[in-house]
Amino acid sequence: MPKRGGGGGGGGQRYNNNAGSGNGNGGGSTGGGGSGSRYSALKDFGDDDHQRRKDRNKRRVSFKTSQFPHKSDVKLRVQDVRRWDEDDDMNDITTTVKDRPSSRRRGSPIPRGKFGKLMRNAVGWYQVTIHNGQIYEKEVLLRALLAAMSPHVFIPQYWRVERSCVVFFTDDFEVAERIQQLGRHAQLPDGFRLMPRVRNSVPLVTIDDDFKAKMKVVMAKRYNQQTKALDLSKFHADPDMKPVFCPLFRVNVMSCALDIICENIPDLVAINLNDNQMNTMEAFKGVDKRLPNLKILYLGDNKLPSLAHLLVFRFLPIVELVLRNNPCRLRYKDPQQFVSEVRRKFPKLTKLDGFELGESSGIMPTTKASFLCDSAGAEVVRQFLDQYFNIFDAGNRQPLLDAYHEHALLSISMPSMSQAGRLNSFWKFNRNLRRIISNERDDPRTKLLKSGRLACVSTLDEWPRTLHERRTFTVDLTIYNPQMMVFTVTGLFKELTGDSDSTTPVAMQPYELRHFVRTFVVVPQNTGFCIRNETIFITSATPDQLRDFKRSQHQPAPGAMPNNVPVAAAVADTSLQNRLQQNQPTGAVLLMQPPVIATTATVTSLKPAQLDDATKMQMVQQMSSQSQMNLDWSRKCLEETNWDFNHAAFVFEKLFKENKIPPEAFIK
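Residue numbers (the numbering used here): 16 to 683.
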């Protein structure tokens with residue numbers, strides 16, 4: 016029956032695992048094929064598939080990348096660390112190339128050759144290491160070494176026993192080289208081969224009383240009492256120091272040497288530290304207080320890496336310095352740049368590495384407030400400026416006609432508005448050649464150049480009202496002879512912006528602060544002087560000038576009011592030249608004048624009986640403005656001096672210097 020046959024065919028497929036066993040009849044073929052494919056999926060491949068699987072099961076040789084690619088370097092690093100730990104701390108003295116760990120492969124035999132050629136070092140000390148020598152007595156090891164080196168004899172220095180070796184030092188290169196060449200020839204009676212290993216190194220020194228005593232003896236031999244100079248060059252190689260090793264490149268040893276110097280020769284002027292392998296100046300901290308007279312310093316043939324290490328000497332008056340053969344010189348390709356950097360740290364330096372240094376072009380001279388080519392012109396300039404600015408700050412400037420020559424020239428200029436802000440009141444007088452455009456009809460360069468006495472004074476009369484601050488003035492007198500004198504005045508002035516008819520005191524009116532530079536060419540005329548040529552430059556005050564000016568308004572002028580004392584009433588020795596030498600503003604133009612009563616060219620003093628109440632009030636306000644005292648104390652000062660303004664200013668200065676003015680006098 017078809018259904019049973021189909022079932023039987025399927026059963027044959029299941030248990031025989033053969034695709035052909037279920038094909039007995041047609042029904043079995045159909046049913047068995049469908050059922051048999053379900054259980055024979057794992058065998059559904061041909062002979063070629065069997066062959067590929069067999070090939071995959073064969074053993075293969077592969078080279079895989081290690082999971083730790085740098086694992087091979089670990090051993091090398093550990094050996095490096097162990098070797099560095101064994102090595103004493105020594106500045107810039109390293110082992111030879113052959114002393115590095117061997118690069119032989121693991122399992123290869125130890126080479127039977129020697130350790131590498133020993134190189135002579137600058138210090139002259141060598142370390143000998145005998146591994147596993149700590150289990151033997153010192154005499155046993157030395158007997159074996161001397162027997163192997165016979166007929167050479169040596170004395171080991173700084174012998175010490177460590178955990179896994181014995182270490183000692185020698186300062187003889189030939190002995191060190193001979194020990195290096197021993198190799199396996201040095202042998203103990205029990206058959207132990209010493210195999211000494213030699214390398215460049217220095218011993219650790221212990222600073223004790225004996226060590227200091229020996230240093231004192233050698234330093235005394237090297238000291239020159241006449242020149243107050245101490246020669247410590249190549250101090251570690253001094254034959255009188257042997258067998259003690261005294262390295263000045265060690266900070267503790269150099270500190271010990273400085274203590275000896277400060278204790279015995281505190282007035283030392285010169286010190287020579289050449290060829291001492293020094294790479295730091297840490298031991299010299301505070302040397303400016305310990306050796307204040309030190310002026311000559313030799314540091315050649317050392318290992319100073321940069322000029323920053325010399326900052327410990329910056330407060331000393333060093334005039335001669337030697338830095339040749341130091342790494343710090345290699346940092347500068349341009350020798351002039353190196354010289355400039357050294358001179359920046361030592362401004363008084365005149366000699367570097369044995370060569371005289373000329374005047375430095377990169378160092379600006381000390382600035383002074385004023386300059387006088389001839390002190391005889393100080394009084395003339397003082398009187399001229401005093402009278403000129405008294406009239407200039409008055410309400411009427413017409414009296415200045417007498418101050419200008421008949422053919423005088425006047426030029427006024429100012430910077431652009433982007434640089435100086437708006438100077439509306441002066442802009443129409445601006446003769447800045449960078450902004451004017453010339454043409455054939457009307458040349459502004461000629462039009463804005465004022466020629467003649469009347470044109471000059473008329474131009475100045477068009478200026479707004481001003482109040483010049485005498486305490487800010489500086490004067491440079493550049494030419495002074497019988498034919499003419501040339502001087503430049505700089506300072507600040509207030510451009511008063513208030514109403515000219517206002518009853519408010521001038522010192523309390525609103526203003527804009529300006530800065531000016533005026534150069535006068537003055538020639539003699541009749542019994543006096545007149546201005547032959549003048550140039551004026553005006554700009555707005557800088558923020559720093561404005562801040563300093565406002566700050567000065569709340570305190571008396573520097574020197575307690577030196578501007579209040581006329582030269583005639585001042586002390587005789589406070590001349591203009593003396594003040595200039597002290598880098599202070601000139602007294603000639605720092606005079607505090609009384610309010611202008613008359614409009615004449617010559618300012619006269621009025622007697623108290625001739626002063627009305629309005630004039631007295633104006634003098635009180637002026638005194639208060641200049642001295643920063645309140646009105647009551649300013650009036651009191653004038654009353655006690657019988658309303659003599661100059662004498663009141665002189666008294667104020669004297670009392671202020673003596674701190675006899677009470678604080679309430681400055682409370683407004």
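We put the beta carbon where it would ideally sit given N, CA and C, even for glycine.
Inset, instruction - Identify which residue in I494, T185 and Q202 has its Cα closest to the Cα of A162. - result: Checking every option, the nearest Cα to that of A162 belongs to Q202.
Inset, instruction - Give a yes or no on contact between the stretch 292 to 301 and the stretch 316 to 323, applying the rule of three or more CB pairs nearer than 8 Å. - result: yes
Inset, instruction - Give the range of the beta strand (DSSP E) segment to which K509 is assigned. - result: Element bounds for K509: M500 to L511.
Legend entry - Residues that S466 bridges to, as DSSP identifies them: L424
Legend entry - 8 Å CB neighbourhood of Q560 in its chain, flanking five on each side removed: L507, L528 and H530
Legend entry - CB of I427 within 8 Å of CB of I551, strictly: yes
Legend entry - Test item: CB-CB of L626 and M638 under 8 Å: M638 is positioned such that its CB atom lies no closer than 8 Å to that of L626.
Legend entry - Cβ neighbour criterion (16 or more within 10 Å) applied to S385: buried
Inset, instruction - Determine the DSSP secondary structure at I546, reduced to helix, strand or coil. - result: In the structure shown, the three-state DSSP call for I546 is strand.
Legend entry - W648, DSSP secondary structure in three states: helix
Legend entry - Whether D205 touches V233 by CB criterion (8 Å): In this structure, V233 does not lie closer than 8 Å to D205 by Cβ.
Inset, instruction - Measure the alpha-carbon distance for F660 versus T487 and round it to whole angstroms. - result: 21 Å
Legend entry - Beta-carbon proximity of L511 to V396, cut-off 8 Å: no
Legend entry - Proximity to L10 [Cα-Cα], best of R346, R339, C388 and K348: This structure leaves residue 10 out entirely; the chain is present only between 16 and 683.
Legend entry - Distance between beta carbons of F502 and T474, contact taken as under 8 Å: At roughly 21 Å, the Cβ-Cβ gap does not stay under 8 Å, so T474 and F502 are not in contact.
Inset, instruction - Note down, in chain order, each residue of its chain lying with its Cβ closer than 6 Å to the Cβ of A680, except the 5 sequence neighbours on either side. - result: M644 and W648
Legend entry - Expected contact under 8 Å - CB spacing of L309 and L331 to nearest Å: 5 Å
Inset, instruction - Please determine, among V490, I494 and E421, the residue with the shortest C-alpha to C-alpha distance to S466. - result: E421
Inset, instruction - Going by DSSP, name the residue or residues bridged to I145. - result: V181
Inset, instruction - Under 7 Å Cβ to Cβ from V580, same chain only, skipping five residues before and after it: list those, please. - result: Caution is warranted here: a pLDDT of 35 is assigned to V580, below 50, making its placement in the model unreliable, and no coordinate value can be reported.
Legend entry - At least three beta-carbon pairs within less than 8 Å, the stretch 234 to 246 to the stretch 171 to 191: no
Legend entry - Whole-number beta carbon distance between M432 and T554, since they are thought to touch under 8 Å: About 11 Å; that fails the 8 Å criterion.
Legend entry - Closest by C-alpha distance to D253, when choosing among D186, L306 and Q195: D186
Inset, instruction - Quick one: using the 10 Å Cβ neighbour count with 16 as the cut-off for buried, is P262 buried or exposed? - result: buried
Legend entry - According to DSSP, residues forming a beta bridge with L492: Looking at the DSSP assignment, L492 forms a beta bridge with L387 and F502.
Legend entry - DSSP state of H324 mapped onto helix, strand, coil: helix
Legend entry - Residue range of the alpha helix (DSSP H) that includes I194: F188 to L197
Inset, instruction - In angstroms with no decimal places, state the Cα-to-Cα distance between R533 and Y403. - result: 12 Å
Inset, instruction - Find out if the Cβ-Cβ distance for the pair C343, L306 is shorter than 8 Å. - result: no
Legend entry - For V472 and V490, believed in contact at Cβ under 8 Å, the rounded distance: Not confirmed; about 23 Å, so no contact.
Inset, instruction - Quick one: grab the DSSP three-state call for Y403. - result: helix
Inset, instruction - Consult DSSP for P558 and reduce its assignment to one of helix, strand or coil. - result: helix
Legend entry - E668, enclosing alpha helix (DSSP H) - first and last residue: F660 to K672
Inset, instruction - Along the beta strand (DSSP E) that carries Q643, what are the first and last residues, could you check? - result: For Q643, no beta strand (DSSP E) segment is defined, and its DSSP state is neither H nor E.
Legend entry - Buried versus exposed, by CB contacts within 10 Å (16 or more), K257: That one is exposed.
Inset, instruction - Taking all protein chains shown into account, decide if A409 is buried (16 or more other Cβ within 10 angstroms of its Cβ) or exposed. - result: Classification for A409: buried.
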